[in-house]
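First up is the structure itself, then whatever we jot down about it.
Number of protein chains: 2
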Amino acid sequence: MTLGGPAGGRGLIGRSLERQDARDKVTGRARYTVDLRMPGMVEGKVLRSPYPHARILGIDTKEAAQLPGVLGVITGADLGDIDPYFGQAVKDQPLLAIDRVRFAGEPVAAVAAVDALTAEEAARRIVVDYEPLPVVRDVAEALAPGAPQLHVDRPRSTLFPDVQDIKPDVTRNICHHFVYRRGDPDAAFRQADVVFDDTFTLPSVHHFPLEPLGAIAHYRGRELTVWTGTQYPFAMRQSLAEMFGLPQSRVRIVVPYVGGAFGSRELIPAAPIAAALSRRAGAPVRVLFSSEDTARTVVRNGGRVRIQSAVRKDGTIIGRRAEIHLDTGAYTDQGSRVSKKAGYRIIGPYRIPHVEVNSYAVFTNTVSAGSYRGFGTPEVCWAYESQLDIIAAKLGLDPFALRMKNLLKRDEEYAPGDRPLDSDMDQALDILAKEVGWREARASGEGVGLACAIKDGGGTRTSSTAIVRLHQDGSATVLASSAEIGQGVQSVLGQIAAAELGIDPSRVTVTAPDTGVTPFDQRTNASRATSLLGHAVQEAAQRVADQVRAIAAEALEASPDECRLEGGGVSAGGRRLGFGEVIQRFFRDAGGELIGYGYQRPAIGLTALGATASFWEIGLGAAVVSVDRETGAISVHRYVSLSDPGRAINPAGVEGQDLGGAMQGLGPALFEGMVYDEGQLVNGSMIDYRLPLFSDLPESFDAVIVEGGGGPGPHGAKGVAEGSIIPVAPAIANALFAATGARVKDLPLTPERVWRALRSGAGRDA
Amino acid sequence: MTLGGPAGGRGLIGRSLERQDARDKVTGRARYTVDLRMPGMVEGKVLRSPYPHARILGIDTKEAAQLPGVLGVITGADLGDIDPYFGQAVKDQPLLAIDRVRFAGEPVAAVAAVDALTAEEAARRIVVDYEPLPVVRDVAEALAPGAPQLHVDRPRSTLFPDVQDIKPDVTRNICHHFVYRRGDPDAAFRQADVVFDDTFTLPSVHHFPLEPLGAIAHYRGRELTVWTGTQYPFAMRQSLAEMFGLPQSRVRIVVPYVGGAFGSRELIPAAPIAAALSRRAGAPVRVLFSSEDTARTVVRNGGRVRIQSAVRKDGTIIGRRAEIHLDTGAYTDQGSRVSKKAGYRIIGPYRIPHVEVNSYAVFTNTVSAGSYRGFGTPEVCWAYESQLDIIAAKLGLDPFALRMKNLLKRDEEYAPGDRPLDSDMDQALDILAKEVGWREARASGEGVGLACAIKDGGGTRTSSTAIVRLHQDGSATVLASSAEIGQGVQSVLGQIAAAELGIDPSRVTVTAPDTGVTPFDQRTNASRATSLLGHAVQEAAQRVADQVRAIAAEALEASPDECRLEGGGVSAGGRRLGFGEVIQRFFRDAGGELIGYGYQRPAIGLTALGATASFWEIGLGAAVVSVDRETGAISVHRYVSLSDPGRAINPAGVEGQDLGGAMQGLGPALFEGMVYDEGQLVNGSMIDYRLPLFSDLPESFDAVIVEGGGGPGPHGAKGVAEGSIIPVAPAIANALFAATGARVKDLPLTPERVWRALRSGAGRDA
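Residue numbers (my numbering), protein chains in the order written: chain X, 30 to 795; chain D, 30 to 795.
Written as structure tokens, this is what we have:
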């Protein structure tokens, strides 16, 4: 790590600078939502449904409302002119249940009171009359004929819907059905030498951010301000503006420090509850979910993936069919989008001409599924990379060689019309194999496994804006709205601006999102901030630099083009002006600042997904494991992750993100999974739920960064930080197979499962 | 008043819209600095000097520091690498006294502790060893040979000094000496038919804002955030950045609601104390001054004005000499600038070819003098408008006619090189005289008096910047940094932007200043915000409108020039797009916003003051009084104020400001004045100090708004809100003279003074 460093310029790019948030976080100075106090703030508490599925016959709030200290009680039936529904792709989730609850833990009523104990006591005094309904426990039950129908209405779309092809069939509990077809899959499967047909499963998992969800809302006059650690401040602004009938200019979402996100912090359901309570109570209201509540708010879907591959004897894959069922829980949330992405991405980074995919998101009476690092790709990569090793074993091919044969080359099309591949995956796999010692490990019969993943990164149809302000002392401020969720985005954006302006990055401050002042950024997701928001920041800084050149040119007796920004000033032909002098010259001693704005607009092309990828994010992983044959416990001894950031603006940040993703991937691979009993989540706490600890890390754990260029971001940057989580599970499963011959198709790879597989001899002929 | 109103357009200009801050303030929802709570915030208290002048021999903080709950004690000798000096024009004031105290109430030490009582107790335990020094009580004592010398060093200038001609002579206690000379005054006085030589005085007064001064500061890592109700957030940013050695991008000044300013809220000395305490204590520290402390922090200077006029028998004024001494107290603050402005403005709105002015700011051991509504003009207008009626009486002329004869015409020069007059003052005086019934009142011997004032408005060398953001639902945000100090600036800026964008002003939000995000604005002073910052806002909105036209043109099959923005959308040739559609088209469904920036740069010309006026602010007043001859009490029965806003963007706001200024002017005219006894302020509290109450208002109290056009702001707007305070005292004094023949030359016009004047027959031959 390099601290601060000398004055800027392009040489800044590729330097590992300290993160802007680092010292606050390690010294405990960082303030999260829970740390904030608003004048006159009161506490809100939520009453949740004990039933996974029930009709609400009535709610009696009288006793609660009469408790001294209670400032307001609200129910779904009692929200006045608030539009109670919110949602990401479609608005089907009420802020408090209306008529019906669809999962155990669903918010049913809420109370604002002078303190938390009073609010809790009041919530206890609310009497809800439920009529329990049959519970849809999983996808199979949801799709079974005669299953209870969870939703009645077609969901309503949002102001800027980005899912064009939504095809819900609520009568069959189908939230979304994505179909993708190309070539002639029937012919391919007829012509194949061998057809492989495997089904893989994985349970739902929870992100378990260290900071649970929460929000403070202040509804004041015709203005709403919300403080909450969200990744999606502008989507929240839109959502709350629509719910409360306010102009977006009067809804302000302020994002304090965020204690972990990973996709769990999008619309933050605590916020509309807090806002509705604030409107009722006439005071700022804080609603903090516990960690257990948070686990009952958003999960990554569980899934079942049936994958069929048509393969020639030499290992060439000529066709693929897939049927994907993802359990999206009680409400749509991101389920429709995830199932679509999963369907598109099950092709993997391989040249497969004939494809037919049906991907479904299915409603059940469980917690709704939202985004999770990888967004649908870990689910399908688990299937296609496991199956690739099954194919290799069956055909007697080396798994490395089989991948090399089928991998897309740089500039090849992933799908017609989509962005051509912008990484050298074959070279990357070669580097990875050398790094992990593939050849030697295979030769010695060691448990080594590989997996390759690709995802269209940055989100499709995605936009960002930014503002750069150059101050009269030559320091600068970047106004940008990407949430600092631990990825170091603020430092990277500062580095990008500093490089354009030729100033020391320690003199650049990057704001936290506050929709009242910082400009639009669509979302902090999809590994998009560095490259896409970064592009907007770069353009904004360039607009400032252009103004500097225009002002300085006369004094420097040069053309604007000859003026170079470096070292905190502008120079040409041996003459030089500091930025302070430039601003003084322009504003004639009165002080001032120069302002530039930048826009990142979506790519134009259209594909099966509606828009081309912004870039391709790749993630490759290699694992070396051994297995305790008595217990079935897997020990991961070595793990190597490889990513391609295009150009690493801050290499230490890239490495940190890559290793962080790989570490997080160990959880769903080895032990994570949410366990339900008749619709009741039984391990939804940090005590009961098994997360990866530092003691779970392999003895050897490395990230390899290959800078392949070609990204759409500043200096060729692309996104990273999701790629590394994706291949972890199949790499370990493939290593397990190499070590033992046992093929496990269900995650997580618990000792029990492995032990049973070893006993049954599963895998040799899988 | 009109609420909200229909969608925008130029028709919006001139409509009286509700102020953005109105409901918050009248319902008590508005949050001021005192209402804020920062996580972990502790309290700071200040120990002040009991002596008006003393040497500090030593400070013992040991006992204070050891008190349980104390987190830090600081003194001027113990500030580490903080540069302790601050100041507006020059930096001569330490945040805590160093070696010496110069007024009673000067901060000497400060304590941060877990609560206010502990901090107060600790402050009491600080032992300061003073050696009292002789006290300089007033200007006469300060200038007397052998007077104690208050300052030793030449003060240091600031980064962007705007006083070029500062000529302090600290050996004679002269803070500043401004000389202005034109024509041949000696000859004029030789050629005069009559020479008038009068001396007028007025005491120092305090602004007494309802909210006392205070600040919360959080020094965290290498960043400083300050919450404080200041009119000068960017000057504070610069000052604190220099004191703490931080880049301006890392100093954030956030301005909550402000409870009255009137010039008293500039650098807010509570802020550097809070910041230094925060750095010491490692926590956010709040320092709240009491109302009594605030009265010991900033005042309007007292003054003595000797004015000589060379006049022809027909009333033509051909020459003026003036010697002005303003008591600027212990430190420079705004004293140098005020004395300069007073010197320049003593010419008044009259055609006087030969002028010689010497204007001095003088140091004394009293509270430092800063800005006050009118900024040096009430002091000199008191003199020149009183003297004009003395001249009229002496020459047997009608005071109205005498003024009409000498008033500058529109487009005449006030001084060579300065902006020509941009109001029709003669027409304005005629309107005023008709409105108050001048002719009839004079004929009936009623106590009627007139006064005319002019000030170069907007400040010289002054700049503003602004950003306008158009959101995807067609609402908009204006980022601008003018503090809402009760003048309604946020509403007016919103109205200006709404008119350019063609949207309903209720859909525009104007931010409060926060230097971390909102762009540079030099100051909220000098009646400048509507016209000068307004210009930047208008330009920013026009940049957005240009982008809208460019995007829409294709869809509307028109040229950008043909596209008109109105009613929340853009139309041409019968076709129309809403702004949401425009943004959707540009950002291709991804959402986004359009951003524009605007700059207001200073006028180019140079005059005796360094730069030309931005505009001329005029203020005319007419009073009708009667006098209780037994007590000397003046009753003001009718007062008419006249102002020229160029173009009234929000007429109700103009009227409110005009009446507010006139009402505030009643205080210094009739009863206000700070009383010192041996350097000790004896009436520095709201109990002891007599402010105008609503019961002091004349039965008839009116504002006449004349829209003369010709301002530099949007739609021809100029500033108002200071002009009306200036003529109040001389108008009443002239009315008193008309009613009684008594001429009082010392303010305030207390019953005792009037009674004594009536008894002595003063005035008849003054």
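A virtual CB, placed ideally from N, CA and C, is assigned to each residue, including glycine.
- Each of 776(D), 785(D) and 40(D) was checked against the Cα of residue 409(D), and the nearest Cα belongs to 776(D).
- Within the stretch 708-778 of chain D, the complete alpha helix (DSSP H) runs of at least 4 residues fall at 757-769.
- Here residue 202(D) carries a coil assignment [DSSP, helix/strand/coil].
- A contact between stretches requires three or more CB pairs, one per stretch, nearer than 8 Å, and the stretch 409-424 of chain X meets this requirement with the stretch 752-759 of chain X.
- For residue 538(D), the closest Cβ of chain X is nearer than 7 Å.
- Secondary structure note for residue 63(X): it is in no alpha helix (DSSP H), with a DSSP letter that is neither H nor E.
- For residue 629(D), the enclosing beta strand (DSSP E) covers residues 623-629.
- The beta-carbon of residue 490(D) is placed less than 7 Å from the nearest beta-carbon of chain X.
- Here the alpha carbons of residue 251(X) and residue 127(X) stand approximately 25 Å from one another.
- Taking a Cβ-Cβ cut-off of 8 Å, the neighbours of residue 494(X) in chain D comprise 621, 622 and 624, given in sequence order.
- Considered as a whole, the stretch 222-289 of chain X harbours 262-273 as its complete alpha helix (DSSP H) runs of no fewer than 4 residues, in chain order.
- For residue 68(D), the C-beta contacts it makes with chain X under 8 Å involve 60, 64, 65 and 66, in order along the chain.
- Relative to the Cα of residue 686(D), the nearest Cα in the group 629(D), 649(D) and 752(D) belongs to 752(D).
- When DSSP states are grouped into helix, strand and coil, residue 442(D) belongs to the strand group.
- For residue 406(D), the three-state secondary structure derived from DSSP is helix.
- Residues 498 of the same chain have their beta carbon placed closer than 6 Å to that of residue 624(D), with the five preceding and five following residues left out of the count.
- When beta bridges are read from the DSSP output, residue 354(D) appears opposite 333(D) and 389(D).
- With a threshold of 7 Å between beta carbons, residue 502(X) makes contact with chain D.
- Contact note: residue 248(X) does not reach chain D at a C-beta cutoff of 8 Å; the least C-beta distance is about 11 Å.
- By the neighbour-count criterion, in which 16 or more other beta carbons inside 10 Å mark a residue as buried, residue 304(X) falls on the buried side.
- Within the DSSP secondary-structure output, residue 663(D) pairs in a beta bridge with 656(D).
- Between residue 510(X) and residue 621(D), the beta carbon gap of about 11 Å keeps them out of contact (Cβ cut-off 8 Å).
- Around the CB of residue 579(X), fewer than 16 other CB atoms lie within 10 Å, so the residue is classed as exposed.
- In the displayed model, residue 321(X) falls within a helix according to three-state DSSP.
- Assignment of beta-bridge partners to residue 521(D) by DSSP yields no partner.
- With the rule of 3 Cβ pairs closer than 8 Å, the stretch 644-652 of chain D counts as touching the stretch 470-488 of chain D.
- Look at residue 144(X): its C-beta is not under 7 Å from any C-beta on chain D.
- The continuous alpha helix (DSSP H) containing residue 578(D) extends over residues 563-585.
- Secondary structure at residue 617(X): coil, using DSSP grouped into helix, strand and coil.
- Residue 53(X) sits in a helix when the DSSP states are folded into three classes.
- For residue 125(X), the three-state secondary structure derived from DSSP is coil.
- At a cut-off of 7 Å, the C-beta of residue 259(D) has no neighbouring C-beta in chain X.
- With its beta carbon at least 7 Å from every one in chain D, residue 611(X) lies outside the interface.
- Listed along the chain, the chain D residues whose CB falls inside 7 Å of the CB of residue 758(X) amount to none; the nearest CB is some 32 Å away.
- Taking the CA atoms as reference points, residue 661(X) sits about 21 Å from residue 470(X).
- With contacts defined by Cβ atoms closer than 7 Å, residue 179(X) and residue 131(X) form a contacting pair.
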